[in-house]
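Engineer: Going by my numbering, the residue at position 148 of the sequence shown is 150; the numbering climbs one at a time, nothing skipped.
Cβ atoms here follow ideal geometry from the backbone N, Cα and C, with glycine treated the same way.
Have a look at the structure that comes next, please.
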Amino acid sequence: MTCDDEERQERASGPAPDETAPDAVSCRALRYAFGETKAVDGVDLSVRPGEVFGLLGPNGAGKTTAIRCITTLLPVPSGMVRVFGHDAAKERMAVRRLLGYVPQQLSADAGLTGRENVALFARVFDVPRRERAARVTQALEAVGLTDAAGRLAKTYSGGMIRRLELAQALVSAPRLLMLDEPTIGLDPIARTSVWEHINAVRAATGMTVLVTTHYMDEADQYCDRLALMHRGRIRALGTPDELRSALRARRAAAASPADPAATSPSAAPAPAAAASSDSSPSSPSPSSSSPSSAPSGSSDAVPTLEDVFRDVAGSGLDEQSGDFRDVRSTRRTAHRVG
3 MTCDDEERQE RASGPAPDET APDAVSCRAL RYAFGETKAV DGVDLSVRPG EVFGLLGPNG
63 AGKTTAIRCI TTLLPVPSGM VRVFGHDAAK ERMAVRRLLG YVPQQLSADA GLTGRENVAL
123 FARVFDVPRR ERAARVTQAL EAVGLTDAAG RLAKTYSGGM IRRLELAQAL VSAPRLLMLD
183 EPTIGLDPIA RTSVWEHINA VRAATGMTVL VTTHYMDEAD QYCDRLALMH RGRIRALGTP
243 DELRSALRAR RAAAASPADP AATSPSAAPA PAAAASSDSS PSSPSPSSSS PSSAPSGSSD
303 AVPTLEDVFR DVAGSGLDEQ SGDFRDVRST RRTAHRVG
């Protein structure tokens, strides 16, 4: 067992999941298109109860569209989506009652106080009136905003805004917390703070977390399992260690004295082991770097998640990933949080 595995076990030390329970999320052959553009193209995905599952990919990979189908914000035109056994196409309200959702676009109202923002979501999600005050207080405490609860949201820092939105999602006591790029635009200290509060809530409740991100260091440190998504499809699936080990094994198998070029990243066969038969850019980070002193492309190096993703995406990973709508949305969110 690696140190990363031990840390993940410590973070998941809350209530043990029910092994007989249905998957928290189950997608089968999920497809969604915007006109002729296939945003999600035959996604098969299972998220286990109680785990932190990361969906990685660049802008335009289809992550947010998939998330919106799961949350019922978009219909499911083809395929199947179930949340704790409930059909997202036929039982939309039942699914919504199970979810807490933090979208990429900011949802807090700058003209309301922190407490008023969370109270508004308590009403929207039909928290019983007699429980609302206590639930709002608990949600604010869970994200460390008790002392700032009476301040207007417009006076909050970027990290505080994201934690406020986390409180908004938690006030309904969801079984599944869905986070779409929750730390985009935040500095490293604020990013760490957001994740510390997410992990504290998860440890206390056993809540399932499904998060989209393009920060490879976050995915490596905080996620139990990952799916690498590119051009609408799941390209690889597994734990961070499984994905790295599979790439390292393929590099070692490809390397031979007769063919020195086989050790280059471009010579590694596509998709990573544990890859989906059907079927993200990363943000380079020192924390996701390999401890090995060998070049990352050599068969002796311990690959990073960025190496894994580049291996999976191949020549398809370039500056053209994502459309104008994706980039504009990301930049707007980063600007408002920053």
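Secondary structure at G56, three-state DSSP: helix, strand or coil?
Structural biologist: As a first step, residue 56 must be located in the sequence shown, where it is residue number 54. It is a strand residue.
Engineer: Look at the alpha carbon of L114 and the alpha carbon of G44, and state the distance between them as a whole number of angstroms.
Structural biologist: Against the sequence shown, residue 114 aligns to sequence position 112. Against the sequence shown, residue 44 aligns to sequence position 42. One C-alpha to the other measures close to 41 Å.
Engineer: Quick one: which unbroken beta strand (DSSP E) runs of 3-plus residues sit fully inside the stretch 78 to 165? Chain order, please.
Structural biologist: 80 to 85, 101 to 104
Engineer: Taking all protein chains shown into account, do 16 or more other C-beta atoms lie within 10 angstroms of the C-beta of Q106, making it buried, or fewer, making it exposed?
Structural biologist: Walking along the sequence shown from the start, residue 106 turns up at place 104. It counts as buried.
Engineer: Going by C-alpha to C-alpha distance, which of P176, T66, A169, R132 sits closest to H199?
Structural biologist: Position 197 of the sequence shown, counted from the start, is the residue given in the question as residue 199. Selected option, being the one with the closest Cα: A169.
Engineer: In the DSSP assignment, the beta strand (DSSP E) including D182 goes from what residue to what residue?
Structural biologist: Reading the sequence shown from its first residue, position 180 is the one you call residue 182. Start and end: 178 to 182.
Engineer: Can you tell which of L212, R50, P60 has its C-alpha closest to the C-alpha of G234?
Structural biologist: Here residue 234 is taken as the residue at index 232 of the sequence shown, counted from 1. The option with the nearest alpha carbon to G234 is P60.
Engineer: Alpha carbon to alpha carbon, what distance is there between A221 and R131?
Structural biologist: As a position in the sequence shown, residue 131 is number 129, starting the count at 1. As a position in the sequence shown, residue 221 is number 219, starting the count at 1. Rounded to whole angstroms, the separation of the alpha carbons of A221 and R131 is 38 Å.
Engineer: What residue ranges within the stretch 218 to 252 form continuous alpha helix (DSSP H) runs of no fewer than 4 residues, ordered along the chain?
Structural biologist: 218 to 224
Engineer: Out of G87, T157, T74, state which residue places its alpha-carbon closest to the alpha-carbon of D25.
Structural biologist: Here residue 25 corresponds to residue number 23 of the sequence shown, with the count starting at 1. For D25, the nearest C-alpha among the options comes from G87.
Engineer: At the level of alpha carbons, what is the spacing between H216 and E183?
Structural biologist: Position 214 of the sequence shown, counted from the first residue, corresponds to residue 216. Position 181 of the sequence shown, counted from the first residue, corresponds to residue 183. Cα to Cα, the separation comes out at about 8 Å.
Engineer: Is it a yes or a no for the stretch 71 to 79 touching the stretch 243 to 255, going by three-plus beta-carbon pairs under 8 Å?
Structural biologist: no
Engineer: If you run the structure through DSSP and keep just helix, strand and coil, what is S28?
Structural biologist: Taking the sequence shown and counting its residues from 1, one reaches residue 28 at position 26. Of the three classes helix, strand and coil, the one that applies to S28 here is strand, per DSSP.
Engineer: With a CB to CB cut of under 7 Å and the five nearest residues on each side skipped, what residues in its chain are close to Y34?
Structural biologist: Numbered from 1 along the sequence shown, position 32 holds the residue referred to as residue 34. Counting only Cβ-Cβ distances below 7 Å, and skipping sequence neighbours, we find A41, V42, T67, C71, L76, P79.
Engineer: Once DSSP output is grouped into helix, strand and coil, what is the label at D313?
Structural biologist: The sequence position of residue 313 within the sequence shown is 311, counting from 1. Here D313 sits in helix by DSSP.
Engineer: The beta strand (DSSP E) with A202 in it runs from where to where?
Structural biologist: Mapped onto the sequence shown, residue 202 falls at position 200. Note, A202: premise wrong, no beta strand (DSSP E); alpha helix (DSSP H) at 190 to 207.
Engineer: Who are the near neighbours of R193 in its chain, counting only those whose CB is closer than 6 Å to its CB and skipping five residues on each side?
Structural biologist: Sequence index remark: in the sequence shown, residue 193 carries index 191 (1-based). The residues are T185.
Engineer: With T67 as the anchor, note down where its alpha helix (DSSP H) starts and where it stops.
Structural biologist: By 1-based counting over the sequence shown, the position of residue 67 is 65. Taken as a continuous stretch (DSSP letters only), the alpha helix (DSSP H) holding T67 covers 65 to 72.
Engineer: Closer than 8 Å by C-beta to G81: which residues in its own chain qualify, once you throw out the five before and the five after it? Chain order, please.
Structural biologist: What you label residue 81 is simply residue 79 of the sequence shown in a count that begins at 1. Closer than 8 Å at Cβ, skipping near neighbours: C29, R30, A31, L32, R33, G44, V45.
Engineer: Could you give the distance in angstroms between the alpha-carbon of D280 and the alpha-carbon of V138?
Structural biologist: As a first step, residue 280 is located in the sequence shown; it is residue number 278 there, counting from the start. As a first step, residue 138 is located in the sequence shown; it is residue number 136 there, counting from the start. Residue placement at D280 is poorly supported in this model, since its pLDDT is 44, which falls under 50; the coordinates still yield a value, given next. Cα-Cα distance, rounded: 43 Å.
Engineer: Can you tell me where the beta strand (DSSP E) with V213 in it begins and where it stops?
Structural biologist: Position 211 of the sequence shown holds residue 213. Its beta strand (DSSP E) spans residues 210 to 215.
Engineer: Could you give the residue range of the beta strand (DSSP E) that holds S48?
Structural biologist: Working through the sequence shown from its first residue, we reach residue 48 at position 46. Here the beta strand (DSSP E) through S48 covers 39 to 49.
Engineer: If you run the structure through DSSP and keep just helix, strand and coil, what is A175?
Structural biologist: Looking up residue 175 in the sequence shown gives position 173. Coil at A175, not helix or strand.
Engineer: Given I69, which residues of its chain have a CB within under 7 Å of its CB, disregarding the five upstream and five downstream residues?
Structural biologist: Looking up residue 69 in the sequence shown gives position 67. Cβ within range, chain order: M180, D182, T214.
Engineer: Can you find the residues in the same chain that come closer than 7 Å, C-beta to C-beta, to G161, ignoring five residues on each side of it along the sequence?
Structural biologist: Locating residue 161 in the sequence shown gives position 159, counting from the first residue. Closer than 7 Å at Cβ, skipping near neighbours: L188, A192, S195, V196.
Engineer: Which partner residues does A35 have in the DSSP bridge list?
Structural biologist: Sequence index remark: in the sequence shown, residue 35 carries index 33 (1-based). Its beta-bridge partners are K40.
Engineer: Taking I163 as the reference, give the member of A303, V104, V49 with the closest Cα.
Structural biologist: For this step, residue 163 is matched to residue 161 along the sequence shown. Among A303, V104, V49, the Cα nearest to that of I163 is on V104.
Engineer: Between the C-alpha atoms of L239 and L245, what's the straight-line distance to the nearest angstrom?
Structural biologist: Residue 239 sits at position 237 when you count from the first residue of the sequence shown. Residue 245 sits at position 243 when you count from the first residue of the sequence shown. If I take the Cα positions, the gap works out to 7 Å.
Engineer: So the candidates are A112, E133, D226; which of them puts its Cα closest to the Cα of L154?
Structural biologist: For this step, residue 154 is matched to residue 152 along the sequence shown. For L154, the nearest C-alpha among the options comes from A112.
Engineer: Please report how far the alpha carbon of D309 lies from the alpha carbon of G146, in whole angstroms.
Structural biologist: Counting from one through the sequence shown, the residue named residue 309 turns up at place 307. Counting from one through the sequence shown, the residue named residue 146 turns up at place 144. Approximately 36 Å between the Cα atoms of the pair.
Engineer: Within 10 angstroms of its Cβ, does V126 collect 16 or more other Cβ (buried), or is it exposed?
Structural biologist: On the sequence shown, position 124 is the one that residue 126 refers to. Per the 10 Å Cβ criterion, exposed.
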